[in-house]
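Asks: Below is one structure. I have some questions about it.
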Amino acid sequence: MIPEAAATRSRTCHDEGRSSGAVHHSEEDSGNENRQKRERRRKRAHKGSENVKRKRAKSSPGTGSQSRGSQLKQRHVEAVTLFEVVTMGRSAMQVVIDDWIQAYLTDRDFSLLNLISFFIQCSGCKGVVTAEMCQNKEDSDVMSKMVEDLDDVSGLQYKKFLAFPWILTVTWPMDTDGMEYPLIQSGPYGRWFHSEFCDFISVLVSQCQHSVLFDSYLMNTLISLLTELSNSYVRAFRHTCTLAGVKLLSSLVGVAQSLSVSIENSQKLYEVQKTKTTRQKSPLQLERIQKKITELQEKRAEIESIMDIIFKGVFLKRYRDVLPEIRSICVEELGLWMKLYSSAFLNDSYLKYMGWMMFDKIPDVRLKCVLALQGLYGDPLLLPKLDLFTSRFKDRMISMTLDRDSEVGVQTMKLLVLISRTCDDVLSPEDYKQLLQFVFSSQRPLAATAGELLYARLLNTPGGEALEGSNEEEAHTLQTVARLKALLHFYQESELHTHVVYLVDSLWDCGAALLKDWPTLTSILLKESSSQRSGLTQAEQAVLVEVLVASVRQATEGPALAGRSGVKKVLSVRDKKTLTDDCATLTEHLLMVLPKLLSKFSSSGDVVASLLKIPQYFHSECPQAENMQAVSSLMEEMDSILERHSGPAVLETAARTLLSLCGGQSAGSSIAQAARDALVQRWVDQLTARLQEDIFPADEAKTEETVAVLKKLRAFHNCHDLSQWNLLELLSPLLPVDASWGAAPPEVLLEVLQCLSFSVLWSLSRSSETLTTRDKAVAQRSQLRLFCERGHRCLSHADRRVRHQAFLGVCDVLTAHSYQLHVWDPSSFGPLLYIPSPKLQRALLAFVLLHVFVGPDSDGQAGAAEGDEEERLEDCHRRRALLAAYCKLIVHGVLEMSMAAEVFMYYVKYCNAFGDILKELLNRTRQTDKMESTRMLLLCLQQLFTRLRRGQESGGGAQPGIQTFTSIKELARRFALTFGDHVKFRECVVMIHRNGIEFVFQGFSQSPDAPTPPHLSYLTILSEFSSKLLKPDKKTVLSYLQKHTAEHAVDLRDDSWQPLAFYRASMLAAAEGEDAVSHVSSDRKLYLPNRSPNSKQKVEGSKSPCLLSPADSRTRAQRLSHPEKTADADPFSVPADPPAKNLTVATCVNEGDDDTVEIEM
0 MIPEAAATRS
10 RTCHDEGRSS
20 GAVHHSEEDS
30 GNENRQKRER
40 RRKRAHKGSE
50 NVKRKRAKSS
60 PGTGSQSRGS
70 QLKQRHVEAV
80 TLFEVVTMGR
90 SAMQVVIDDW
100 IQAYLTDRDF
110 SLLNLISFFI
120 QCSGCKGVVT
130 AEMCQNKEDS
140 DVMSKMVEDL
150 DDVSGLQYKK
160 FLAFPWILTV
170 TWPMDTDGME
180 YPLIQSGPYG
190 RWFHSEFCDF
200 ISVLVSQCQH
210 SVLFDSYLMN
220 TLISLLTELS
230 NSYVRAFRHT
240 CTLAGVKLLS
250 SLVGVAQSLS
260 VSIENSQKLY
270 EVQKTKTTRQ
280 KSPLQLERIQ
290 KKITELQEKR
300 AEIESIMDII
310 FKGVFLKRYR
320 DVLPEIRSIC
330 VEELGLWMKL
340 YSSAFLNDSY
350 LKYMGWMMFD
360 KIPDVRLKCV
370 LALQGLYGDP
380 LLLPKLDLFT
390 SRFKDRMISM
400 TLDRDSEVGV
410 QTMKLLVLIS
420 RTCDDVLSPE
430 DYKQLLQFVF
440 SSQRPLAATA
450 GELLYARLLN
460 TPGGEALEGS
470 NEEEAHTLQT
480 VARLKALLHF
490 YQESELHTHV
500 VYLVDSLWDC
510 GAALLKDWPT
520 LTSILLKESS
530 SQRSGLTQAE
540 QAVLVEVLVA
550 SVRQATEGPA
560 LAGRSGVKKV
570 LSVRDKKTLT
580 DDCATLTEHL
590 LMVLPKLLSK
600 FSSSGDVVAS
610 LLKIPQYFHS
620 ECPQAENMQA
630 VSSLMEEMDS
640 ILERHSGPAV
650 LETAARTLLS
660 LCGGQSAGSS
670 IAQAARDALV
680 QRWVDQLTAR
690 LQEDIFPADE
700 AKTEETVAVL
710 KKLRAFHNCH
720 DLSQWNLLEL
730 LSPLLPVDAS
740 WGAAPPEVLL
750 EVLQCLSFSV
760 LWSLSRSSET
770 LTTRDKAVAQ
780 RSQLRLFCER
790 GHRCLSHADR
800 RVRHQAFLGV
810 CDVLTAHSYQ
820 LHVWDPSSFG
830 PLLYIPSPKL
840 QRALLAFVLL
850 HVFVGPDSDG
860 QAGAAEGDEE
870 ERLEDCHRRR
880 ALLAAYCKLI
890 VHGVLEMSMA
900 AEVFMYYVKY
910 CNAFGDILKE
920 LLNRTRQTDK
930 MESTRMLLLC
940 LQQLFTRLRR
950 GQESGGGAQP
960 GIQTFTSIKE
970 LARRFALTFG
980 DHVKFRECVV
990 MIHRNGIEFV
1000 FQGFSQSPDA
1010 PTPPHLSYLT
1020 ILSEFSSKLL
1030 KPDKKTVLSY
1040 LQKHTAEHAV
1050 DLRDDSWQPL
1060 AFYRASMLAA
1070 AEGEDAVSHV
1080 SSDRKLYLPN
1090 RSPNSKQKVE
1100 GSKSPCLLSP
1110 ADSRTRAQRL
1120 SHPEKTADAD
1130 PFSVPADPPA
1140 KNLTVATCVN
1150 EGDDDTVEIE
1160 M
């Protein structure tokens, strides 16, 4: 807000003599007057506008002013400044701007000062604006005054700039520079102000275009103001006035368009007048039209000149601004100018800026470039002017599809799709080949856009001409076959992905009609491959089956795919209805056709496995699903397929399909259940008959048949509850009872172990339903014990696969049993408690140590060759599964937490391979019992230290299970990092120190042969936890340490007591790092020499009360404990004269020569 006195004096000087004398008005008076006016404004919020009253008093008492004043009252437009008009909407803007124009015609200097104040306020500046008159714009003395600086004495910032005929000075407090200004405020207010501010500029130009826009005074002053402020060092001025400048140019583009339309209409009228006969011609009218055309052309030339000045003064200086928001504004408006006024802006001299900004580092700037180019390439009339730009920046546009910002990549792909539609020869076949591969992208929006390009390029072309005499249906089939061949050819040539489901998902938005044409797809598959009409090879038919299955999945489940992001998580009502209708349609058709497809492709296991997935997507409530004949036919085909194939893919898919068909109470479900029971009964009978014979060592063919039956039972038992056939009693005799393994081969044992584990798991999951008496609960526990005992014996089998499966089976069963005990309702019967024997617990731990933590290096690469990366990854995956199964036993309470101590010994060595599993185990055990979990970590460290001591005493070389002292210390450091919250883990950390001190000194009796405790070096490891102690706990721990050392003669000069000195130093360093002043006695003051008052203020005003950094504190503690050693000395050395008898550590503060602080332990 400009002070009224300053504005009045400025106007008086200008009117009287237009002298070069400046308006002298103190900043203090201006600030006081502004504050008084703001107070008055708040008091008279409902008394009307002071500016409006002043304008009415100065204007003539005509009816027009009175009518406008009444309208203003009716609309409650009570704004003191133009800045407040922005908050009142577009209609209020038009009324107030009209009044401002009338005031401008009366007193243009005062009105312009109000407009200048408006832009200053929109920049968020709450300072003072003063003005002085200027005679000559080119005066060197005047230009030397244009400065922008800080005044440290007054604490103010000021900017002086030329807005001819004024020299304006803006002064504002220094501390407001970092505050948010309206354009960047978070929330809806910032977006709302941006919109209203742009509307104000648009309304201002629109209302002025027929009056004061061409007076050569308003625009010159406004352009000078915006140009100077947009070049300011202050971000708020630069951002706001750059936006105002480019929006002003955009509004002028609209004015130039209107003038061009008027010129064109006038020229048409002139040509019409010229074609008239001599009698009808009117020379005066022709002269009047020609004069109007000349005036309009002059106005347009003037507007274009103004636009060029704004472009050079604002855009050219700001399109490379350091602020990304300013660059985005410039690029966005440049694209708008090119589209709306292509005759002036759409040429290579302007397009180059768009191309350059496509290389910007900020994604939003690149996005604005791409969106602007979409508007240009979408207009066919503008394409001829884009040829050079396209050839120059085509490679950049193609590379931007790989942009790290997903939205930029998607919009760039849409731009290239638009270019491919409008410009035929721009993209080469190599470009298309690169772009079409994005249909397999993990980002669904990008993949869907690439699918549009694929569909338009390959699949939307008309098919071959229909044969003579063919009807419309055959023509449609031929066209579909042509499109499918193109799709299959693209998929087979790409060789980028093996999952057709991602390709179908990419094409679904644009080619759903083709992919959901299931009658045509199935008819093509049912035709013979030798048919000339179809012409599909067996490989193409296999891919087409995958396309069919993928389209069925897409139609029933939607676009949600594993590994693909950017999908809507919540479907609309319309999408859900579409999915329901499509599901009913495919169920009605495929239930009838699927048996025929299974019969045709029954010899191919992969194709059959894909086709068997289709019934999983059937709609059970569809009327066609009740077709008993169709369901029976499907069951017969599945029966024949299961008799023919025993591959894991076919068996697992068939089991899941039967699980889907058996669910529900419909007639079709009853048929499916009967068919499933018949299948299982036949397999059980076959297995029973074969097990009665001793077939394993004698007949290899019969053994393979037995294994095939066991695979079928295992696959079905994974999905279905087969407890009624009592497979546990049937198969348990095949497992070894003692050390003699019997005659069962490993393949049989592998399947038997899985079947038995599934049987026990089903029994546990149905405990609430089946355990109605105690006898049944006892029988269940007996089965559990039997399986665990047999599985225990299999842990030492010669075959690795059998050992792994036995371990996983035992762990899964014990975990499930523990879970059932936790969720069991005491009011009913439940599973009885079963605790694994100590021998089994030790065997499980030994198995993990032997089979998981193998290999000399942390990545486990020694077991696999350098080129066999896939085998190494598979082996790592198997070991992770074994470790996770064992950790679940500890988490669920099956094993004691102490059993995890051996596992955590390998935390550092195998951190890359198993670190995430061990961290989760530590978090879960702490949630259960944080004290017991801490004891487990202590046990781990103490066992490692004890093994190291024994290994050193024995004098042997490197032994397995023994780690170096450095690695144990590193493991302790890793453990200490997990105690992040000092308050939460306070008791745990204190227990670590107390337990560690007891571990070192308990049972120690000093003698000449044993002057130090044998485990004294453990204190060095224990020092890793010193920084986790709170200040009161440090005193407690030091007292506890003194209690154990008081009975012994401690000589710190002896190297053997070095760990004790180091442990004490770590405690003092941690305490000093927390608060260095806390260790100074109350009657002594810490002397800090050579400190100025400013530095004292900085120390007192700092956020942290600590005067030393943790690193400095640790270094000082080590220096204080060993004052006579240099930096290169051994950190474990002992001072020359330690206070060994009274155990008092004298800590010298080097800041003062005479100050010494003593801390009693």
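Using numbering that gives the first Met the number 0, read the sequence shown as starting at 0 and increasing by one per residue. For glycine and all other residues, C-beta sits at the position ideal for the given N, C-alpha and C.
From Phe392, Gln208, Ala447, Glu406, pick the residue whose C-alpha is nearest to that of Leu426; which is it?
Replies: For the purposes of this step, residue 426 is taken as the residue at position 427 of the sequence shown. Answer by Cα proximity: Phe392.
Asks: Note down the Cα distance separating Arg1052 from Leu1059, rounded to an integer number of angstroms.
Replies: Mapped onto the sequence shown, residue 1052 falls at position 1053. Mapped onto the sequence shown, residue 1059 falls at position 1060. Their backbone Cα atoms lie some 11 Å apart in a straight line.
Asks: So, under 8 Å CB-CB, Val313 and Val245 are touching, yes? Tell me the CB distance rounded to an integer number of Å.
Replies: What you label residue 313 is simply residue 314 of the sequence shown in a count that begins at 1. What you label residue 245 is simply residue 246 of the sequence shown in a count that begins at 1. With a Cβ gap of about 6 Å, Val313 and Val245 count as contacting.
Asks: Have a look at Lys485 and Met634 and give me their C-alpha separation to the nearest angstrom.
Replies: Within the sequence shown, residue 485 is the residue found at index 486, counting from 1. Within the sequence shown, residue 634 is the residue found at index 635, counting from 1. According to the sequence provided, residue 485 is Ala. The question's Lys does not apply to it. So the alpha carbons of these two residues sit roughly 35 Å apart.
Asks: Less than 7 Å between the beta carbons of Ala900 and Leu849, yes or no?
Replies: Counted from its first residue, the sequence shown places residue 900 at position 901. Counted from its first residue, the sequence shown places residue 849 at position 850. In this structure, Leu849 does not lie closer than 7 Å to Ala900 by Cβ.
Asks: Spatial neighbours of Met637 within its chain, please: CB distance less than 8 Å, with the 5 preceding and 5 following residues excluded, ordered by chain position.
Replies: By 1-based counting over the sequence shown, the position of residue 637 is 638. The answer, listed in chain order, is Leu597, Leu611, Ala653, Thr656, Leu657, Ala674.
Asks: Give the C-beta separation of Val708 and Leu686 to the nearest angstrom, bearing in mind that I take them to be a contact with Cβ-Cβ under 8 Å.
Replies: Reading the sequence shown from its first residue, position 709 is the one you call residue 708. Reading the sequence shown from its first residue, position 687 is the one you call residue 686. Yes, Val708 and Leu686 are in contact; Cβ-Cβ is about 5 Å, under 8 Å.
Asks: Is Thr170 helix, strand or coil by DSSP?
Replies: For this step, residue 170 is matched to residue 171 along the sequence shown. Strand at Thr170.
Asks: With which residues is Ser185 paired in a DSSP beta bridge?
Replies: Position 186 of the sequence shown, counting from 1, holds the residue named residue 185. According to DSSP, which records beta bridges pairwise, Ser185 is partnered with nothing at all.
Asks: So, at 8 Å on beta carbons, what are the nonlocal neighbours of Gln93 in its own chain, with the 5 sequence-adjacent residues on each side left out?
Replies: Here the question's residue 93 lines up with position 94 in the sequence shown. Excluding sequence neighbours, Gln93 sits near Val202, Gln206.
Asks: Less than 7 Å between the C-beta atoms of Val548 and Ser632, yes or no?
Replies: Taking the sequence shown and counting its residues from 1, one reaches residue 548 at position 549. Taking the sequence shown and counting its residues from 1, one reaches residue 632 at position 633. In this structure, Ser632 does not lie closer than 7 Å to Val548 by Cβ.
Asks: Buried or exposed: where does Glu332 fall if 16 or more other Cβ atoms within 10 Å of its Cβ makes it buried?
Replies: As a first step, residue 332 must be located in the sequence shown, where it is residue number 333. By the 10 Å Cβ count, Glu332 comes out buried.
Asks: Out of Asp307, Leu217, Ser281, Ile262, state which residue places its alpha-carbon closest to the alpha-carbon of Ser249.
Replies: Locating residue 249 in the sequence shown gives position 250, counting from the first residue. The residue with the shortest Cα to Cα distance from Ser249 is Asp307.
Asks: Flag this pair as touching only if the stretch 215-231 and the stretch 269-278 have three or more C-beta atom pairs under 8 Å; answer yes or no.
Replies: The stretch 215-231, when compared against the stretch 269-278, does not touch it at the 8 Å Cβ threshold.
Asks: By Cβ distance below 6 Å, which residues in the same chain neighbour Ser1101 in space, the five residues on each side in sequence not counted?
Replies: For the purposes of this step, residue 1101 is taken as residue 1102 along the sequence shown, with counting starting at 1. Only weak support exists for where Ser1101 lies, its pLDDT of 37 falling under 50; the coordinates are left without a value.
Asks: Distance check for Met904 and Leu943, CA to CA, integer angstroms please.
Replies: As a working mapping, residue 943 is identified with position 944 in the sequence shown. As a working mapping, residue 904 is identified with position 905 in the sequence shown. Going from the Cα of Leu943 to the Cα of Met904 covers about 7 Å.
Asks: On the premise that Asp504 lies in contact with Leu560, defined as a C-beta separation below 8 Å, what is that separation, rounded to the nearest angstrom?
Replies: Within the sequence shown, the letter at position 561 stands for residue 560. Within the sequence shown, the letter at position 505 stands for residue 504. So it is a contact: roughly 6 Å between Cβ atoms.
Asks: Considering Thr579, what are the terminal residues of the alpha helix (DSSP H) in which it resides?
Replies: Taking the first residue of the sequence shown as 1, we reach residue 579 at position 580. That run of the alpha helix (DSSP H) goes 572-599.
Asks: Report the rounded CA-to-CA distance for Val211 versus Ile100, giving the unit in angstroms.
Replies: Your numbering for residue 211 matches position 212 in the sequence shown. Your numbering for residue 100 matches position 101 in the sequence shown. Looking at the two C-alpha atoms, the distance is approximately 8 Å.
Asks: Give every residue of the same chain whose Cβ lies closer than 8 Å to the Cβ of Ala671, excluding the five residues on either side of it in the sequence, and list them in chain order.
Replies: Counting from one through the sequence shown, the residue named residue 671 turns up at place 672. Taken in chain order, the residues that qualify are Val630, Met634, Leu657, Leu660, Cys661.
Asks: Quick one: what's got a C-beta closer than 7 Å to Arg800's C-beta in the same chain, skipping five residues either side?
Replies: Stepping through the sequence shown from its first residue, residue 800 is reached at position 801. If we look at Arg800 and ignore the five residues flanking it on each side, its Cβ neighbours are Pro745, Leu749.
Asks: Excluding the five sequence neighbours on either side, which residues of its own chain have a C-beta within less than 6 Å of the C-beta of Arg780, listed in chain order?
Replies: Looking up residue 780 in the sequence shown gives position 781. Here the set comprises Leu831, Tyr833.
Asks: So, helix, strand or coil for Lys158, using DSSP?
Replies: Within the sequence shown, residue 158 is the residue found at index 159, counting from 1. Reduced to three states, the DSSP call for Lys158 is strand.
Asks: Reducing DSSP to helix, strand and coil, say where Ser564 ends up.
Replies: Mapped onto the sequence shown, residue 564 falls at position 565. If DSSP states are grouped into helix, strand and coil, Ser564 belongs with the strands.
Asks: Excluding the 5 residues flanking Met399 on each side, which residues of the same chain have their C-beta closer than 8 Å to its C-beta?
Replies: Your numbering for residue 399 matches position 400 in the sequence shown. Excluding positions up to five away in sequence, the list reads Met357, Arg365, Val369, Val407, Gly408, Thr411.
Asks: Taking the C-alpha atoms as reference points, what is the distance between Arg925 and Val777?
Replies: Within the sequence shown, the letter at position 926 stands for residue 925. Within the sequence shown, the letter at position 778 stands for residue 777. Roughly 34 Å separates the two Cα atoms.
Asks: Cα separation between Gln1057 and Ser1016?
Replies: Along the sequence shown, read from residue 1 onward, the residue named residue 1057 stands at position 1058. Along the sequence shown, read from residue 1 onward, the residue named residue 1016 stands at position 1017. Rounded to the nearest angstrom, the two C-alpha atoms are 8 Å apart.
Asks: DSSP on Gln101, reduced to helix/strand/coil?
Replies: Taking the first residue of the sequence shown as 1, we reach residue 101 at position 102. Of the three classes helix, strand and coil, the one that applies to Gln101 here is helix, per DSSP.
Asks: Does the separation of the CB atoms of Val254 and Gln208 fall below 7 Å?
Replies: Against the sequence shown, residue 254 aligns to sequence position 255. Against the sequence shown, residue 208 aligns to sequence position 209. Taking 7 Å as the Cβ cut-off, Val254 and Gln208 qualify as a contacting pair.
Asks: Smallest Cα separation from Arg934: which of Gly88, Ile991, Thr239, Gly914?
Replies: Here residue 934 is taken as the residue at index 935 of the sequence shown, counted from 1. Nearest option by C-alpha distance: Ile991.
Asks: Among all the DSSP beta bridges, which residues are the ones paired with Gln442?
Replies: Counting from one through the sequence shown, the residue named residue 442 turns up at place 443. Paired residues: Ser564.
Asks: Return helix, strand or coil for Pro647, following the three-state DSSP convention.
Replies: Here residue 647 refers to the residue found at position 648 when the sequence shown is read from its first residue. Helix.
Asks: So Leu524 and Val544 are in contact, right, with Cβ under 8 Å, and what is the actual spacing, rounded?
Replies: The residue you call residue 524 lines up with position 525 of the sequence shown. The residue you call residue 544 lines up with position 545 of the sequence shown. Confirmed, about 7 Å.
Asks: Quick check: the Cα distance between Ala842 and Glu969, rounded to an integer number of angstroms?
Replies: Residue mapping note: residue 842 aligns to position 843 of the sequence shown, counting from 1. Residue mapping note: residue 969 aligns to position 970 of the sequence shown, counting from 1. If you take the alpha carbons of Ala842 and Glu969, they lie about 29 Å apart.
Asks: With burial defined as no fewer than 16 other Cβ atoms inside 10 Å of the residue's Cβ, what is the status of His1014: buried or exposed?
Replies: Numbered from its first residue, the sequence shown carries residue 1014 at position 1015. The residue in question, His1014, is buried, as its Cβ has 16 or more Cβ neighbours within 10 Å.
Asks: According to the Cβ coordinates, are His796 and Cys754 closer than 7 Å?
Replies: Counting from 1 along the sequence shown, the entry for residue 796 is found at position 797. Counting from 1 along the sequence shown, the entry for residue 754 is found at position 755. No. Outside cutoff.
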